[in-house]
């Protein structure tokens, strides 16, 4: 692999990584000596500095990762706080309630229950520390499962989840949305077509 | 803000975003006109291309986000060990196509078009987050109407629905239309063959 | 079907395909209009060049042709096909316009549906290609750097456990969907499956009824077509027998299914051949 290809591959892998990527892991992936990889990372980091990029390739906890340049912190903070409001929206509260009562629960399950995509709300609740990923579901896609956090309990003044007020859980399973929809329809044949031919 | 600062700020914000950042949001955060922001994004994207970066600034689902360069997929896949098992069935894909081009559309309309009950497939697509309920039709029964989601656009790598391939590219040719016409003619009309559908 | 069968649907929002045939040269919507007014004899118009012109214009002006216009194109091609096949059928020469329209609409629906289905099935393949290509480019998901605090006030302030329980009941009990303005979209207000169910509830125990009687109260054409398809479906399921004394004559419909309308109503209603 030539230097350019090596640098590109490092950029790609580090970009998608959530945790810092160690030179050792990069070396293994790219089948190159760790020293060469590390040198390439350092060159990349230096070039981002020279080019005055908005991001840096930082060496953190024994690995490399992309971070925002410190002098752009104000914008990043503004972005992170962009939807700060003083109260949870109805949608967010309902989503939190679903997570609280049905945990562990996936985003798709929340979306199915609420009838709308819940990703943004889930992320908001996660960023605020009220819910957290608690595992992954088995099966295709292995979706992340969410549960509530200690902070959530604390803010609600509860010692444990068992203190949540009981609710009648009349909607079992993952087919909730479909069932609900069905139940909201007029009974079959009861003039649903509005044709009034019968009777 | 000069061009360089604008580009740096965009780089920083898009780097920390977990979903595509619209030019509108960037404009708001950076207090610059959306047109200027968009132009800066396009310049950035082009420069990454010129510099043969391992990542791209992609325009997807109405916003910008960092993605790995497609030709580095092999390394990224090895690293991320991504699950490719969630491929959709032909039935699901065809249903997705119908929803994409006919949205908002009800399950009954999908079923009528596909000629088979579509409930299971619609539920699957909804659970995967590719389609979502977008409202209800007026009239009896008030069936739920479905549309595609941003996730659908993201998975197809499209910026907006207008980038869907034109459906006419997939229209059957004249021969098929003539064939259909032929096949739908009742046998009783055999006397009227030689009608000159061709030539 | 999203396009209505009203003449208003024939007005195109994009460039109309230009068709050249021995007896007619001009936009396809004009051709449909003229055929409908009997100004041009459809029998004299070869359909292959019409369809070719149709597809060609769509290919040449993909950027200016809206999705709506495309479905209208489909519809018009189907209409022409259907009118022609109707005209070619042996039958009484003097068929009044009303009945002729009634005759081709049902099959128009079928043909346009078939054309559409084939297109969507090909689109599905294209989706696979697109998504495979897109999957080669992986998005960053790392999110916010460590050290950035979201300076949010406590959003749970004032939220009691009881309020949370209420929110849960609300979220699970009434699934309120946002209403969208659909005035720009033609939506089947009555679906075939609903109509099948309604007919399965109302027809048993009733004497033979004519299609005309059955649909006399209906105001819009689409509803009549939906009823026709529902009758066809019940016929296919063996629940009704349909008799027609003469071509273009009224349909006589008789329930021959079991006398348990609910059981019939449970029959999947959308399984007629596509």
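Residue numbers (the numbering used here), protein chains in the order written: chain V, 1 to 199; chain P, 1001 to 1199; chain U, 2001 to 2274.
C-beta atoms are modelled at their ideal positions from N, C-alpha and C, and glycine is treated no differently.
- Neighbourhood of residue 1099(P) in chain V, by CB distance below 9 Å: empty, with the nearest CB roughly 14 Å away.
- Under the Cβ criterion of 8 Å, residue 1054(P) is counted among the residues facing chain V.
- Using beta-carbon distances, residue 38(V) does not count as an interface residue toward chain P, since no partner is under 8 Å.
- With respect to the C-alpha of residue 1147(P), the residue from 1131(P), 1141(P), 1156(P), 1160(P) having the closest C-alpha is 1131(P).
- Contact of residue 2141(U) with chain P by beta-carbon distance below 8 Å involves 1018.
- Taking CB atoms only, residue 149(V) has no neighbour in chain U less than 8 Å away.
- The C-alpha of residue 2167(U) lies about 21 Å from the C-alpha of residue 127(V).
- Taking 8 Å as the threshold, the shortest C-beta distance from residue 2155(U) to chain V falls below it.
- Residue 67(V) has 56(V) as its beta-bridge partners, per DSSP.
- Collapsing the DSSP output to three states places residue 2160(U) in coil.
- Taking a beta-carbon distance threshold of 8 Å, residue 68(V) counts as an interface residue toward chain P.
- Judged by DSSP secondary structure, residue 1136(P) falls within the beta strand (DSSP E) whose first and last residues are 1131-1136.
- Judged by beta-carbon spacing, residue 1044(P) lies within the 8 Å limit of residue 1007(P), meaning their Cβ atoms are closer than that value.
- Shortest Cα-Cα distance from residue 1042(P) to any of 1022(P), 1054(P), 1031(P) involves 1022(P).
- Secondary structure note for residue 2196(U): its alpha helix (DSSP H) is the uninterrupted segment 2192-2202.
- Judged by DSSP in its simplified three-state form, residue 11(V) adopts helix.
- Annotation: Cβ neighbours of residue 1128(P) in chain V (cutoff 8 Å, chain order): 108, 141.
- The straight-line gap separating the alpha-carbon atoms of residue 2111(U) and residue 120(V) is approximately 43 Å.
- For residue 1046(P), the closest Cβ of chain U is not nearer than 8 Å.
- Per DSSP, the beta-bridge partners of residue 2254(U) are 2241(U).
- Here the alpha carbons of residue 1175(P) and residue 106(V) stand approximately 48 Å from one another.
- Distances from the alpha-carbon of residue 1171(P) to those of 2225(U), 2238(U), 2118(U), 2165(U) put 2118(U) closest.
- If you look at residue 1145(P), you'll find it in the beta strand (DSSP E) that goes 1144-1148.
- When secondary structure is reduced to three states using DSSP, residue 106(V) falls in the strand class.
- Under the 8 Å criterion on CB atoms, residue 2159(U) is classed as interfacial with respect to chain V.
- No Cβ of chain P is located within less than 8 Å of the beta carbon of residue 121(V).
- Judged by DSSP secondary structure, residue 160(V) falls outside any alpha helix (DSSP H); it is assigned neither H nor E.
- Per DSSP, residue 1050(P) is one residue of the alpha helix (DSSP H) stretching across 1034-1050.
- Residue 11(V) belongs to the set of residues whose beta carbon lies under 8 Å from a beta carbon in chain P.
- Short of 8 Å from the beta carbon of residue 100(V), and not among the five residues preceding or following it, lie these beta carbons of its own chain, in chain order: 148, 152, 161, 164.
- With a 10 Å radius around the Cβ and a threshold of 16 neighbouring Cβ atoms, residue 2145(U) comes out buried.
- Here residue 2241(U) has 2254, 2256 as same chain residues with Cβ atoms under 6 Å from its own Cβ, once five neighbours each way along the sequence are excluded.
- Ranked by Cα distance from residue 18(V), the options 2059(U), 2113(U), 2140(U), 2216(U) are led by 2140(U).
- Under the DSSP assignment, residue 79(V) falls in the alpha helix (DSSP H) whose first and last residues are 73-80.
- The closest CA to that of residue 1052(P), considering only 140(V), 81(V), 142(V), 12(V), is found on 12(V).
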